[in-house]
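Counting from 1, position 48 in the sequence shown corresponds to residue 48 in full-length UniProt numbering; the numbering is continuous, with no gaps. For every residue, glycine included, the Cβ atom is placed at its ideal position computed from N, Cα and C.
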Amino acid sequence: SNRRVLDFLTQLTSLTLHTNRLQALPVGVFDKLSQLTFLSLDENKLTALPNGVFDKLTQLTILGLRDNQLKTNPRGSLL
């Protein structure tokens, strides 16, 4: 199967991806994580966010994006 690892973690409530030198997020990367309440993407190298990247995260209450290199905020990329 060509499914992403995160697609199997449907009950995950907390995900910490800080300090991983992430430069981009694939479209739909968080779509199966509907139970996520906490997501840390702090201290990466993100310069942009895909449109709607957080749309399926309806339970998300804490989102960390500090210390990235974000230049724009596409419509629908943030809650």
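Check, Outcome
"Where does L70 sit, in a helix, a strand or coil, going by DSSP?", "coil"
"Which whole-angstrom value is the C-beta distance of G64 and D31, which I expect to be below 8 Å?", "No, G64 and D31 are not in contact; Cβ-Cβ is about 19 Å, not under 8 Å."
"If you drop the 5 nearest sequence neighbours on each side, which residues of the same chain put their C-beta closer than 6 Å to that of L17?", "L41"
"Could you tell me the distance, in whole angstroms, from the CA atom of N51 to the CA atom of V27?", "8 Å"
"Can you list, in chain order, the residues of its chain with a C-beta nearer than 7 Å to that of Q11? Leave out the 5 residues immediately preceding and following it.", "Q35"
"Can you give me the C-alpha to C-alpha distance between V53 and V29, rounded to a whole angstrom?", "7 Å"
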